[in-house]
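>
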Amino acid sequence: MALKIRLTRVGTTHTPIYRVAVAEARSRRDGDAVEQIGHYNPRAKGTQLTLDVVRYEHWLSVGAKASDTVNGLYKRAKRAEGAKVVTAA
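Below you can see the structure in the form of structure tokens.
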């Protein structure tokens with residue numbers, strides 16, 4: 022079972038909100054996820070991002086591959102002061 026860490030879109034038309042999810046690589050974009058590990062709102066002031074870093078790093082260690090966008094969000098979350106980074110569940 023190949024896993025990917027990617028964004029799934031939720032929200033309404035013209036106001037996207039994304040969940041950071043671990044899902045099978047061949048499943049649909051908004052299909053069932055193995056685990057939700059955060060969310061991302063690009064339209065909020067200051068770009069609202071919540072990411073469970075411990076779970077993110079766990080899934081990478083067991084072989085999941087992060088999409089380019091999620092990898093960029095992870096790096097931004099590590100750098101940013103205003104982003105909320107959850108370190109434990």
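In this note's numbering, the protein residues as written are 22 to 110. Where is the CB? At the ideal position from N, CA and C, for every residue including glycine. Here the structure is a predicted model, which means the values were calculated and not measured.
R97 lies in the alpha helix (DSSP H); which residues open and close that run?
To locate residue 97, count along the sequence shown from 1; it is residue 76. Start and end: D89 to R100.
> Taking C-alpha atoms, which residue in I26, A87, G93 and T90 lies nearest to D53?
Counting from 1 along the sequence shown, the entry for residue 53 is found at position 32. The shortest Cα separation from D53 among I26, A87, G93 and T90 belongs to I26.
> If Q57 sits next to R40, beta carbons under 8 Å apart, how far is it from one beta carbon to the other, in whole angstroms?
Stepping through the sequence shown from its first residue, residue 57 is reached at position 36. Stepping through the sequence shown from its first residue, residue 40 is reached at position 19. About 5 Å separates the beta carbon of Q57 from that of R40, a gap short enough to meet the 8 Å contact definition.
> Flag this pair as yes or no: are the beta carbons of L24 and E45 separated by less than 9 Å?
As a first step, residue 24 must be located in the sequence shown, where it is residue number 3. As a first step, residue 45 must be located in the sequence shown, where it is residue number 24. In contact: L24 and E45 (Cβ atoms closer than 9 Å).
> Could you compute how far the alpha carbon of Y61 sits from the alpha carbon of V74?
Walking along the sequence shown from the start, residue 61 turns up at place 40. Walking along the sequence shown from the start, residue 74 turns up at place 53. The alpha-carbon atoms of Y61 and V74 are separated by roughly 14 Å.
> Tell whether a beta-carbon distance below 9 Å holds between L81 and A98.
Taking the first residue of the sequence shown as position 1, residue 81 is located at position 60. Taking the first residue of the sequence shown as position 1, residue 98 is located at position 77. No; because the gap between Cβ atoms is not below 9 Å, this pair is not in contact.
> Could you have a look at H79 and say whether DSSP puts it in helix, strand or coil?
As a working mapping, residue 79 is identified with position 58 in the sequence shown. Assignment of H79 by DSSP, reduced to helix, strand and coil, places it in the helix class.
> For a quick check, are the C-beta atoms of I38 and R64 less than 9 Å apart?
Counting from 1 along the sequence shown, the entry for residue 38 is found at position 17. Counting from 1 along the sequence shown, the entry for residue 64 is found at position 43. Yes, they are a contact pair.
> Taking the alpha carbon of E78 as the reference point, which residue from R100, G67, N92 and Q69 has its own alpha carbon closest?
In the sequence shown, residue 78 corresponds to position 57, counting from 1. Among R100, G67, N92 and Q69, the Cα nearest to that of E78 is on N92.
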